[in-house]
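Read top to bottom, the protein sequences are chains A and B. Each residue of the first sequence is one higher than the last, beginning at 47 in the numbering used here. Each residue of the second sequence is one higher than the last, beginning at 5 in the numbering used here. Every residue, glycine too, gets a C-beta built ideally from N, C-alpha and C.
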Amino acid sequence: MPRPDRLPVLAVGVGNPMRRDDGVGPAVIDRLRTCSDLPSTVELLILDGEPTRLIDAWHGRERVVVIDATQSGDPPGTIHRLDPAIVDIPPGRHDRSSHGAGVETAIDLATALDRLPEDLVILGVEPAELNLGTGLSPSVDRALSELVAQIIHEVTR
Amino acid sequence: MTHRAGAGRTLSTGALARVEGEGAMRVEIQDGQLVDVQLNIYEPPRFFEGFLRGRGFAEPVDITARICGICPVAYQMSACAALEDALGITVDGALADLRTLLYCGEWIESHALHIHLLHAPDFLGFDSGIELAAANPTVVERGLEVKKIGNEILEVLGGRAIHPVNVRLGGFYRTPTERELRPLRARLERGLELSIEVVELVAGFDFPDQEMPYEFVAVDHPDSYPIMGRRIVSDRGLDIDVAQFSEHVEEHQVEHSTALHSRLLVRGEYLVGPLARFSLNRSRLTPAALAAADRAGLGSTCRNPFRSIIVRAVEVVHAFETGLAVIDRYQRPPAPHVEVTARAGIGHGVSEAPRGLLYHRYEIDDKGLIAAATIVPPTSQNQAAIEHDLRHYVEHNLDLEDDELRQRAEVTIRNHDPCISCATHFLDLTVERR
């Protein structure tokens, strides 16, 4: 159900900038803030991935784009476009932590509570480095421009 | 499905579910006897202590907030307390009140998350909060509404939901007007009502009969249930100024963990967190929280770690009522913060994170840079006590099937709500039988 007090489209970057490439979501949101191509219907938000905050942020939106670091084994900097219906996590990881399985848990919890946005896209970026520290690795940093373009495409399609 | 077998048996599980953070726990059983229990956590605060050295004296307030997405306010408040101690300034009146209100928001959010998505499934027979949500959405929706109201406090005062940006040394960058705080009042009233229902719900769970001989340690405040303060007390006579923390608490490296374990120099392991706060301060709860505790059957102390879920629920009631009192007496202070000037010095600060006492110490050099930082998070202080709980539980339940033993062991750990991002990197549980 759309909410009049909220912009209809949300782009939310999820991650922890103190964990190197886990900060790719927040980094791309920061870059979008200076981007003149961004429609005024889009709200930009940074979250740490704690599932219930994500679900609250989704509420009342027509379209949601989530940007997060995702590990699949592809080369660092690879951008994946994921359909929430196929996002899955291995047994045992489920709901283990508000930090470990944030977006996946948010999707499952929102599904259980019938609060999943109708139009939800996840852009996952393959990280090179997830150790403690600041700054993106060169391969993920190089992917930011393409990621910005993809987000603009998703929010305007 | 694994079954308990005789000697020579080893089994391990995947990640320990529903603990906020990551770490590893190992249980070793030989010839039907418990040989060893080890909790192994990886600790970002150690990294942050190094990261802070050489930075400007005001920076730890923002930087340490990033240690934990669940309790950034606790890190900010302990950092402020320690740095303000070093700088010789005092923050009181309405500014201190606003800090309390902000902290209440964090207690509400963190406890509501733990109660509903992490801990309640253990008592209601579900493997996860998601399963509970699917089977009983009303319970989870109510929990999420409580949590959201906590989040609204953080948004009004902190500027945004995670890593509040409005907090600074000496107070805030900007304080709300009375008018801006007013809409929160109705929300907190609603939260108070819901939180009392939550106490009733969790008080009805079945709890194992287990009393543990913890030494309870908490911040002490002369006239209120502790959130911030300058003294640290225990139920066995510890009563010290925060500056004496390191004289009484020793951090030591244990072989199996990258984290430091803490112990009281004289008496050894101790427990911080809701059970300790409650047992040391029951009479200082707000009236509705006290009445809820009475109805829930909580006595003068609570030594049963499983019943910590009731104590957390009572603390949520307390946080709502405390927040309401702050809003009712709030008058916008003339300045949003106390003036702060760099000077060399050493300062100590402590506050009650949702999981327990969080200690910070900073040394500022004559250039106004951080020369040394020490951060002792609640989870590392509780590690020895959690290992003790686990040892106790496993020793008394060696005849359980491995799967059940593992599941119950996980609950034993979850009882203390160990925090992931501030204390651990990966939590695996291994049970080895030889």
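Item                                                                                                                                                                            : Value
Measuring CA to CA, which of B/D407, B/G174, B/F127 is closest to B/P212?                                                                                                       : B/F127
Could you work out which residues of chain A lie near B/E145, taking near to mean beta carbons separated by less than 8 Å?                                                      : L159
How would you label B/Q387, buried or exposed, when you count the other beta carbons within 10 angstroms and need 16 or more for buried?                                        : buried
I'd like to check one pair, B/L289 with B/R307: are the Cβ atoms closer than 9 Å?                                                                                               : no
My understanding is that B/D101 touches B/V330, with C-beta atoms under 8 Å, so please give their C-beta distance in whole angstroms.                                           : 5 Å
Run through the stretch 93 to 172 of chain A for me and flag every whole beta strand (DSSP E) of 3 or more residues, listed as ranges in chain order.                           : 109 to 115, 125 to 128, 166 to 171
List the residues of chain A that B/A138 touches, going by C-beta distances under 7 Å, in chain order.                                                                          : A158
For B/F51, which residues in chain A fall below 7 Å Cβ to Cβ?                                                                                                                   : L178
Output, in chain order, the set of chain A residues within a Cβ distance shorter than 8 Å of B/N419.                                                                            : Within chain A, no residue comes near B/N419; the closest Cβ sits about 16 Å away, beyond 8 Å.
Starting from B/L279, trace the beta strand (DSSP E) in both directions and tell me its first and last residue.                                                                 : Taken as a continuous stretch (DSSP letters only), B/L279 belongs to no beta strand (DSSP E), being part of the alpha helix (DSSP H) at 278 to 285.
Give, in chain order, every residue of the stretch 84 to 109 of chain A whose Cβ lies closer than 7 Å to some Cβ of chain B.                                                    : L93, D94, E96, T98, R99, D102
From B/H420 to B/H120, what does the alpha carbon distance come to, in whole angstroms?                                                                                         : 15 Å
For A/Q56, which beta-bridge partners are listed by DSSP?                                                                                                                       : A quick correction: the sequence has Leu, not Gln, at residue 56 of chain A. The partner list for A/L56 (beta bridge, DSSP) reads A/E89, A/V110.
Can you give the Cα-Cα distance for B/F310 and B/C108, rounded to whole angstroms?                                                                                              : 23 Å
Measuring CB atoms only, is the stretch 201 to 215 of chain B touching the stretch 70 to 81 of chain B, in the sense that at least three cross pairs come out at less than 8 Å? : no
In three-state DSSP terms, what is B/E255?                                                                                                                                      : strand
When you compare only the Cα positions, how much space is there between B/R59 and B/L373?                                                                                       : 5 Å
Let me know the secondary structure DSSP gives B/M216 once reduced to three states.                                                                                             : coil
Could you check where the beta strand (DSSP E) with B/A222 kicks off and where it finishes?                                                                                     : 221 to 224
Do B/V150 and B/V320 have their beta-carbon atoms positioned less than 9 Å apart in this structure?                                                                             : yes
Helix, strand or coil: which one does DSSP assign to B/H392?                                                                                                                    : helix
Beta-carbon of A/D76 versus every beta-carbon of chain B: anything under 9 Å?                                                                                                   : no
Which residues of chain B have a Cβ atom closer than 8 Å to the Cβ of A/D154, listed in chain order?                                                                            : I134
Could you check the C-alpha separation between B/S266 and B/I350 for me, to the nearest Å?                                                                                      : 21 Å
By alpha-carbon positions, which one of B/F55, B/P125, B/G174 ends up nearest to B/S82?                                                                                         : B/G174
Could you work out which residue in B/E193, B/I368, B/Y218, B/W111 is closest to B/R240 when comparing CA atoms only?                                                           : B/Y218
For A/P173 and chain B, any beta-carbon pair shorter than 9 Å?                                                                                                                  : no
For B/W111, which of B/P76, B/G301, B/V39 has the nearest alpha-carbon?                                                                                                         : B/P76
With DSSP run on the structure shown, which of helix, strand or coil describes B/H420?                                                                                          : coil
Relative to the C-alpha of B/L361, which candidate in B/A295, B/V41, B/P230, B/N140 has its C-alpha closest?                                                                    : B/P230
Between which two residues does the beta strand (DSSP E) harbouring B/S82 extend?                                                                                               : Run containing B/S82: none in the beta strand (DSSP E); it sits in the alpha helix (DSSP H), 76 to 91.
Quick one: is the Cβ of B/E184 within less than 8 Å of any heavy atom of the ligand FAD?                                                                                        : Summarising the ligand content, the structure contains no ligands, and the ligand FAD is consequently not present.
Within its chain, find whatever has a CB closer than 8 Å to the CB of B/T345; leave out the 5 residues flanking it on each side and keep chain order.                           : L91
Output needed for B/E255: all residues of its chain with C-beta closer than 8 Å, excluding positions within five of it in sequence on either side, in chain order.              : L264, H265, S266, V380, S384
The alpha helix (DSSP H) spanning A/S185 covers which residue range?                                                                                                            : 184 to 202
Using 10 angstroms around the beta-carbon of A/H126, count the other beta-carbons present and answer buried if the total reaches 16, otherwise exposed.                         : exposed
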